[in-house]
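In this note's numbering, the protein residues as written are 203 to 724.
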């Protein structure tokens, strides 16, 4: 038996985990889209949708910013404690973190409820009258619901450390389902039904994970030890992450504020396009980064830098292979996508044109966002949180300049293009600094994959445009989905013909699974 058959294919194992996570995430995203479509159809791009989306965005920014930072620093810390001490010590550390997070969340919730209106005015400087009043009412209730987000993210990280990626992918299912139901009920019972349903949905994200965490040995024991050395070390890691996340959220705040000063409905159009954009980042990019981050943390704890370099290159190549066609497709088919998904009820063709323009500009930065997220995770696994923080500062500075320059000519679409170009700047900055830190990480292979997937994408564009125009007289929906299928087929053939590096790993994984099944049959 050869060496390769004895050893498990780690790339294949990672790919299997990523594909499983993509599967459940796809279902969640479909529900999320159904939610947005129903919201758009019920309320259009108007006062209620603007108020609801802004209200949901405000507490999410506050809590998710802190929660993401906690989860990001928690994974390498848990891995290190478990390796250097014991799993019991790692679980004690987890309980200590959860207690502290719960106390901080309560303080933030109380302050948020007391100072809701000034908070809304800070996030939406253009909101007045009914929009301001409705947004304040929504936000006050949502602040209570997102208080458990911090604990949710810690439990989520614990499950990912234990390779329960599919379970964490299930988290949005009850969330999106409950919001979808609340939107439908609000048509008959008013906006209170929408507010209460969303409040319940926010809490459900934690509840759905707890049984699986208990199954993996998680037990919470109330404890608070602020003198814990590991907690202090985590604090030194988390401070730059929170600062960097704060700066990143400042980007969102700037974009939303500028959008709120434009014509009514601009904020909603930007949000709908952003939702389409994060469908890609949530489905593909987040699935890959969620799977590889615990691996990066484990490799750095073992000081296996060479294997880390290989894993980084493989991860980036996977992003290029998957996101290249999606990015190009979203750019070319922006208008038909928005038309098919949203143009109905109160969502008019004028709303479609604005939203499609924003989506096309977001599509420009999809690849950069994917690569950026991989590189940031590498720095975090190396316990370097300062470089990503500096990167966030650079992104905000460049985003402000680009927003001011582009909004004059492109309106709300200029804000999306500014964000995309800022992501490109981030990739350049992070790549240079990572190379200084760990040396070369197979950049030539990455460039080769970029060129080959780009050529494949160009061939795909020709096929997509031709098939879409030919089928358009039949039906907009048929033309859209048929052209996507044709484009995906052409792209798949081209990457195989050009022998894109990432394809080889996937094909090897498939061959190994087939061979394993054949042996079992024999």
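Positions of the beta carbon are idealized from the N, C-alpha and C atoms, including for glycine.
Quick one: Cα of residue i to Cα of residue j, how far?
i           : j           : result
residue 576 : residue 392 : 43 angstroms
residue 294 : residue 423 : 8 angstroms
residue 712 : residue 475 : Caution applies to residue 712, whose pLDDT of 49 falls short of 50 and renders its modelled position unreliable; the model cannot decide the point.
residue 380 : residue 637 : 45 angstroms
residue 408 : residue 440 : 22 angstroms
residue 693 : residue 673 : 20 angstroms
residue 648 : residue 509 : 16 angstroms
residue 635 : residue 491 : 19 angstroms
residue 668 : residue 542 : 19 angstroms
residue 303 : residue 262 : 16 angstroms
residue 505 : residue 512 : 14 angstroms
residue 436 : residue 331 : 44 angstroms
residue 214 : residue 486 : Residue confidence for residue 214 is low, a pLDDT of 47 falling below 50, so the modelled location carries little weight and cannot support an answer.
residue 593 : residue 245 : 38 angstroms
residue 608 : residue 599 : 14 angstroms
residue 416 : residue 602 : 45 angstroms
residue 644 : residue 515 : 6 angstroms
residue 590 : residue 581 : 7 angstroms
residue 339 : residue 259 : 14 angstroms
residue 549 : residue 700 : 43 angstroms
residue 355 : residue 498 : 19 angstroms
What residue does the alpha helix (DSSP H) around residue i start on, and which one ends it?
i           : result
residue 332 : 331–347
residue 656 : 645–673
residue 529 : 507–534
residue 500 : 488–503
residue 683 : 678–699
residue 291 : 289–316
residue 354 : 351–363
residue 614 : 614–640
residue 393 : 393–409
residue 482 : 468–482
DSSP state of residue i, grouped into three classes?
i           : result
residue 559 : helix
residue 586 : coil
residue 418 : coil
residue 580 : helix
residue 260 : helix
residue 546 : coil
residue 424 : coil
residue 328 : coil
residue 380 : helix
residue 175 : In the structure as shown, the chain begins at 203 and stops at 724. Residue 175 is therefore absent and cannot be evaluated.
residue 566 : coil
residue 575 : helix
residue 231 : helix
residue 446 : helix
residue 610 : helix
residue 429 : coil
residue 595 : helix
residue 387 : helix
residue 702 : coil
residue 269 : helix
residue 248 : coil
residue 412 : helix
Among the candidates the options, whose CA atom is the shortest distance from the CA of residue i?
i           : options            : result
residue 616 : 562, 421, 245, 396 : 562
residue 494 : 461, 413, 578      : 578
residue 652 : 702, 606, 683      : 702
residue 604 : 364, 590, 621, 461 : 621
residue 434 : 290, 225, 272      : 272
residue 625 : 584, 588, 573      : 573
residue 291 : 430, 265, 410, 324 : 430
residue 473 : 459, 486, 390      : 459
residue 566 : 533, 580, 556, 559 : 533
residue 358 : 628, 374, 346      : 374
residue 289 : 226, 364, 315, 254 : 364
residue 662 : 612, 684, 305, 644 : 684
residue 690 : 528, 461, 342      : 528
residue 555 : 471, 327, 388      : 471
residue 496 : 276, 267, 481      : 276
residue 697 : 234, 682, 522, 369 : 522
residue 223 : 597, 552, 488      : 488
residue 682 : 546, 564, 586, 537 : 537
residue 403 : 390, 388, 410, 376 : 376
residue 234 : 544, 613, 658, 597 : 544
Using a Cβ-Cβ distance under 8 angstroms, would residue i count as near chain B?
i           : result
residue 255 : Protein chain content of the structure displayed is limited to a single chain, and chain B is not contained in it.
I want to check one thing, is the minimum distance from the CB of residue i to the heavy atoms of the ligand ATP below 7 angstroms?
i           : result
residue 662 : Among the components of this structure there are no ligands whatsoever, and the ligand ATP is therefore not found.
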